[in-house]
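Chemist:
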Amino acid sequence: SARRNQNAGRPLSPLQHWALGVQARSNHNKAACAVANKLARIAWASWANGTCFDPEYQAVAA
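When we follow my numbering, the leftmost residue of the sequence shown carries the number 988, and every step to the right adds one.
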């Protein structure tokens, strides 16, 4: 498919791994809502903190 060719040779980001895991554990509509929610939270946090999105960022447990 076109999506497979687009990612050929590149490793998946942690966000992509998470999204694929959600899709495997749930139905398509729930997975789509979960991904949309996560992306909205990422966008808001980037805007609120004035930072750019880093797909490799890992939050440190407090």
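Glycine is no exception: its CB is placed at the ideal position from the N, C-alpha and C atoms.
Among residues of its own chain, excluding the 5 on either side of Ser-1013, which ones have a beta-carbon nearer than 8 Å to its beta-carbon?
Modeler: Residue 1013 sits at position 26 when you count from the first residue of the sequence shown. So the list reads Ala-1021, once near-sequence residues are dropped.
Chemist: Between which residues of its own chain and Leu-999 is the CB-CB distance below 8 Å, once the five residues before and five after are set aside?
Modeler: Within the sequence shown, numbered from 1, the residue matching residue 999 stands at position 12. Leu-1007.
Chemist: Between Arg-1028, Trp-1005, Gln-1045 and Gly-996, which has its C-alpha nearest Ala-1018's C-alpha?
Modeler: Along the sequence shown, read from residue 1 onward, the residue named residue 1018 stands at position 31. It is Trp-1005 whose Cα lies nearest to the Cα of Ala-1018.
Chemist: Mapping the DSSP letters down to three states, classify Asn-1014 as helix, strand or coil.
Modeler: On the sequence shown, residue 1014 is found 27 positions in, with the first residue counted as 1. Note: Asn-1014 maps to coil in three-state DSSP.
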